[in-house]
């Protein structure tokens with residue numbers, strides 16, 4: 045069965061999001077402790093595993109885990125914005141933009157063509 049267009053679009057956005065996240069981590073590496081470097085690195089690996097399961101195996105469980113992780117990220121982005129108040133620095137703006145981009149990726153996973161694909165239905 046061929047992958048639906050929504051899954052192909054998800055994959056494109058996913059890798060753009062991942063590359064941007066890694067670039068931001070590398071730009072701010074001097075400000076971080078070893079734990080603050082290792083934790084995002086581990087999350088990148090978890091995200092790659094989820095991407096593989098979502099796009100190659102049509103894993104509904106991986107789709108929901110990715111969605112829940114997005115929910116945590118969105119809550120974290122909301123906290124960053126709430127703490128910053130009117131001050132929007134690079135961290136707040138990049139977090140907000142990446143969260144919005146990730147939200148678009150999650151939305152693509154629930155479009156009708158993707159939902160049918162996860163259910164094992166043919167297009």
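In our numbering, the protein residues as written are 45 to 167.
We put the CB at the ideal spot given by N, CA and C, even for glycine.
Tell me the DSSP secondary structure of residue i in three-state form.
i           : result
residue 116 : helix
residue 72  : coil
residue 164 : coil
residue 100 : helix
residue 107 : helix
residue 84  : helix
residue 46  : coil
residue 52  : helix
residue 58  : helix
residue 157 : helix
Assuming residue i contacts residue j (C-beta within less than 8 Å), just tell me the rounded distance between them.
i           : j           : result
residue 182 : residue 143 : An answer regarding residue 182 cannot be provided, because it is not within the stretch 45 to 167 covered by the chain.
residue 136 : residue 124 : 5 Å
residue 152 : residue 54  : 4 Å
residue 121 : residue 140 : 6 Å
residue 114 : residue 74  : The Cβ separation is near 28 Å, so there is no contact.
residue 111 : residue 150 : 5 Å
residue 60  : residue 95  : Their Cβ separation, rounded to whole angstroms, is 12 Å, which puts residue 60 and residue 95 out of contact at 8 Å.
In angstroms, rounded to a whole number, what distance separates the CA positions of residue i and residue j?
i           : j           : result
residue 82  : residue 63  : 17 Å
residue 119 : residue 159 : 25 Å
residue 47  : residue 157 : 9 Å
residue 93  : residue 69  : 20 Å
residue 155 : residue 161 : 10 Å
residue 133 : residue 90  : 28 Å
residue 88  : residue 49  : 24 Å
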